[in-house]
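>
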Amino acid sequence: MEKENYLYLMCNPDKWFGEKHLDNYKTNDILYNLSSHAWSVSHLKNIHIGMLGILKVSRDDRAIDLLKKHNVAKLESGIYATFEVIDFIPDRIDGKVTIKIVDNFFHQNRILNKEKTKEILGDKYNAQSQGYIHKSIYDLVYENVQAITYIDLPKLRKNLIVQEAVEVYPRDEEEKREALILAKYKCELEENHMTFTSNATSENYVEGHHLIPISQYVHFDNDVDVRANIVSLCPTCHRMLHYGEKEEVHNALSALYSKRINRLKKVNLDISLEKLHTYYKSNEVCKN
Ligand SMILES: [Zn+2]
Ligand SMILES: [Zn+2]
Numbered sequence: 054m055e056k057e058n059y060l061y062l063m064c065n066p067d068k069w070f071g072e073k074h075l076d077n078y079k080t081n082d083i084l085y086n087l088s089s090h091a092w093s094v095s096h097l098k099n100i101h102i103g104m105l106g107i108l109k110v111s112r113d114d115r116a117i118d119l120l121k122k123h124n125v126a127k128l129e130s131g132i133y134a135t136f137e138v139i140d141f142i143p144d145r146i147d148g149k150v151t152i153k154i155v156d157n158f159f160h161q162n163r164i165l166n167k168e169k170t171k172e173i174l175g176d177k178y179n180a181q182s183q184g185y186i187h188k189s190i191y192d193l194v195y196e197n198v199q200a201i202t203y204i205d206l207p208k209l210r211k212n213l214i215v216q217e218a219v220e221v222y223p224r225d226e227e228e229k230r231e232a233l234i235l236a237k238y239k240c241e242l243e244e245n246h247m248t249f250t251s252n253a254t255s256e257n258y259v260e261g262h263h264l265i266p267i268s269q270y271v272h273f274d275n276d277v278d279v280r281a282n283i284v285s286l287c288p289t290c291h292r293m294l295h296y297g298e299k300e301e302v303h304n305a306l307s308a309l310y311s312k313r314i315n316r317l318k319k320v321n322l323d324i325s326l327e328k329l330h331t332y333y334k335s336n337e338v339c340k341n
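Numbering (my numbering), first residue to last: 54 to 341.
1. For Asn166, list the residues DSSP reports as bridge partners.
2. Which one of Glu227, Asp156, Lys98 has the shortest CA to CA distance from Gly106?
3. Are Ile154 and Ile139 close, meaning C-beta to C-beta below 8 Å?
4. Tell me where the beta strand (DSSP E) around Glu196 begins and ends.
5. Whole angstroms are fine: how far does the CA of Val110 sit from the CA of Ala180?
6. For His330, is the beta carbon positioned less than 7 Å from some heavy atom of ligand 1?
7. Straight-line CA distance for Val150 to Phe141?
8. Is it the case that the Cβ atoms of Leu97 and Gly148 are separated by a distance below 8 Å?
9. May I have a chain-ordered list of the alpha helix (DSSP H) segments no shorter than 4 residues that lie completely inside the segment 193-276?
10. How far does the beta strand (DSSP E) with Asp147 in it reach, from first residue to last?
11. Note down, in chain order, each residue of its chain lying with its Cβ closer than 6 Å to the Cβ of Leu317, except the 5 sequence neighbours on either side.
12. Check the DSSP bridge columns for Ile142 and list the partner residues they point to.
13. Could you check where the beta strand (DSSP E) with Met63 kicks off and where it finishes?
14. Who's in the neighbourhood of ligand 2, going by beta-carbon under 6 Å from any heavy atom, listed in chain order?
15. Measuring alpha carbon to alpha carbon, tell me which residue in Pro207, Ile214, Leu242 is nearest Glu228.
16. Taking the straight line between their C-alpha atoms, what separation do you get for Glu300 and Lys334?
17. Given this structure, state the Cα-to-Cα distance separating Asp82 from Asn65, to the nearest angstrom.
18. Am I right that Leu60 and Ile100 are in contact with their C-beta atoms under 8 Å? What's the rounded C-beta distance?
19. Answer with buried or exposed for Gly175, where buried requires no fewer than 16 other C-beta atoms within 10 angstroms of its C-beta.
20. In or out: Glu231 buried (at least 16 other Cβ within 10 Å) or exposed?
21. Kindly give me the distance between the Cβ atoms of Asp278 and Arg224, rounded to whole angstroms, as I take these residues to be in contact under 8 Å.
22. With C-beta atoms as the reference, is Lys328 less than 8 Å away from Ser285?
23. Buried or exposed for Thr331, please, with buried defined as at least 16 other CB atoms from any protein chain shown within 10 angstroms of its CB.
24. Given a cut-off of 8 Å on the beta-carbon distance, is the pair Leu213 and Val221 in contact?
25. Quick one: is the Cβ of His96 within less than 7 Å of any heavy atom of ligand 1?
26. State the Cα-Cα distance for the pair Ile201 and Leu235, rounded to the nearest angstrom.
27. Once the 5 residues before and after Cys287 are set aside, which same chain residues still bring their CB inside 7 Å of it?
28. Starting from Gln161, follow its DSSP beta bridges and name the residues at the other end.
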């Protein structure tokens, strides 16, 4: 018999996204903030530290008022993340397992929905709240998540944070990282612009640039630090946008604008090309 050495856990949003976390998250980063959590497991004997698994949400029973108050959405049923076991305290009939999120599908807007989850897990596992699964099921989850196209969703504008006594608009490195992955590490102005292999990604080196500059955040109710607004550029094209001569910048912006405007609209960052141009007049758009 094939070894079932991956773990499968169900999470209850009532407990998991409990009061003490509620003030700290927005719709898009619920799981992101939650690095570890302890589960009660029963009748599971072969859990070990380092073991991997998948996390499923079955039903979100949180009251509408509570969701509204904290500006979060009701969670659909589906597979939300993969995890690694970082601690396990066994008991005779029960035990406590502590996990750390490895891949947060929710944060990437790529969760496996109810139907797909049922299809992959089959009726047997789908009905259980915990248990072991085959490696083949674990791999299938990944395969299917990769096949889901990233969905652009609006995010509310962030609050300023204080850095060295100065208020700055916070940047989410994850948004940039994912934007470069989505662009397949190519320069979005000219995909033949190859540079060198990045030490960090082992891919063609590119830089993320906010099409609507972060410095203009105040003009938008929604977050401009989202991947729909981050383009991947080779270092030369990137510098050109910041320091180039007017006409060249104008042409490059128009090209990027027509590629991105539909995605920008999806995240409530509707802007005209003319308006975008005005943000670039002073050649001091952003610092990265
Ligand atoms: Zn830039
Ligand atoms: Zn380029």
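For every residue, glycine included, the Cβ atom is placed at its ideal position computed from N, Cα and C.
With the given structure in hand:
1. Working through the sequence shown from its first residue, we reach residue 166 at position 113. Answer is Gly131.
2. Along the sequence shown, one-based indexing puts residue 106 at 53. The candidate whose alpha carbon is nearest that of Gly106 is Asp156.
3. In the sequence shown, residue 154 corresponds to position 101, counting from 1. In the sequence shown, residue 139 corresponds to position 86, counting from 1. No, the Cβ-Cβ distance between Ile154 and Ile139 is not below 8 Å.
4. Indexing the sequence shown from 1 puts residue 196 at position 143. Note, Glu196: premise wrong, no beta strand (DSSP E); alpha helix (DSSP H) at 188-200.
5. Mapped onto the sequence shown, residue 180 falls at position 127. Mapped onto the sequence shown, residue 110 falls at position 57. Rounded to the nearest angstrom, the two C-alpha atoms are 12 Å apart.
6. Walking along the sequence shown from the start, residue 330 turns up at place 277. Proximity of the beta carbon of His330 to ligand 1 is not indicated: no heavy atom of the ligand is located closer than 7 Å.
7. For the purposes of this step, residue 150 is identified with residue 97 of the sequence shown, where counting begins at 1. For the purposes of this step, residue 141 is identified with residue 88 of the sequence shown, where counting begins at 1. Roughly 4 Å between the two C-alpha positions.
8. What you label residue 97 is simply residue 44 of the sequence shown in a count that begins at 1. What you label residue 148 is simply residue 95 of the sequence shown in a count that begins at 1. Against a cut-off of 8 Å, the Cβ pair of Gly148 and Leu97 comes out as a contact.
9. Runs of the alpha helix (DSSP H) inside the segment 193-276: 226-235.
10. Looking up residue 147 in the sequence shown gives position 94. Asp147: member of the beta strand (DSSP E) spanning 147-157, first to last residue.
11. Your numbering for residue 317 matches position 264 in the sequence shown. Ala281.
12. Translated into the one-based positions of the sequence shown, residue 142 becomes position 89. DSSP output for Ile142 lists Lys149 as bridge partner(s).
13. Start at 1 with the first residue of the sequence shown, and residue 63 comes out as number 10. Per DSSP, Met63 belongs to the beta strand (DSSP E) from 59-64.
14. Per the Cβ criterion, the list is Cys240, Leu242, Glu243, His246, Leu286, Cys287, Thr289, Cys290.
15. Indexing the sequence shown from 1 puts residue 228 at position 175. When each option's Cα is compared against that of Glu228, the closest is Pro207.
16. Sequence index remark: in the sequence shown, residue 300 carries index 247 (1-based). Sequence index remark: in the sequence shown, residue 334 carries index 281 (1-based). Spanning the two alpha carbons is a distance of roughly 11 Å.
17. Counted from its first residue, the sequence shown places residue 82 at position 29. Counted from its first residue, the sequence shown places residue 65 at position 12. Caution is warranted here: a pLDDT of 39 is assigned to Asp82, below 50, making its placement in the model unreliable, and the coordinate value is therefore given only provisionally. The straight-line gap from Cα to Cα measures roughly 17 Å.
18. Along the sequence shown, one-based indexing puts residue 60 at 7. Along the sequence shown, one-based indexing puts residue 100 at 47. Rounded, the Cβ-Cβ distance is 7 Å, consistent with contact.
19. The residue given as residue 175 occupies position 122 in the sequence shown. Answer is exposed; the Cβ neighbour count stays below 16.
20. On the sequence shown, position 178 is the one that residue 231 refers to. It counts as buried.
21. Counting from one through the sequence shown, the residue named residue 278 turns up at place 225. Counting from one through the sequence shown, the residue named residue 224 turns up at place 171. The beta carbons of Asp278 and Arg224 sit about 6 Å from each other, so the pair counts as a contact at 8 Å.
22. Here residue 328 corresponds to residue number 275 of the sequence shown, with the count starting at 1. Here residue 285 corresponds to residue number 232 of the sequence shown, with the count starting at 1. Cβ distance not < 8 Å, so Lys328 and Ser285 don't count as in contact.
23. Position 278 of the sequence shown holds residue 331. Exposed, because fewer than 16 other Cβ atoms sit within 10 Å of the Cβ of Thr331.
24. Numbered from 1 along the sequence shown, position 160 holds the residue referred to as residue 213. Numbered from 1 along the sequence shown, position 168 holds the residue referred to as residue 221. Between Leu213 and Val221, the gap from beta carbon to beta carbon is short of 8 Å.
25. For the purposes of this step, residue 96 is taken as the residue at position 43 of the sequence shown. No, since every heavy atom of ligand 1 falls outside the 7 Å radius drawn around the Cβ of His96.
26. Working through the sequence shown from its first residue, we reach residue 201 at position 148. Working through the sequence shown from its first residue, we reach residue 235 at position 182. Whole-angstrom Cα-Cα distance: 12 Å.
27. One-based indexing of the sequence shown puts residue 287 at position 234. Exclusion of the five residues before and after Cys287 leaves Cys240, His246, Thr248, Val259 as the residues of its chain whose Cβ lies within less than 7 Å of its Cβ.
28. Walking along the sequence shown from the start, residue 161 turns up at place 108. Paired residues: none, contrary to the question.
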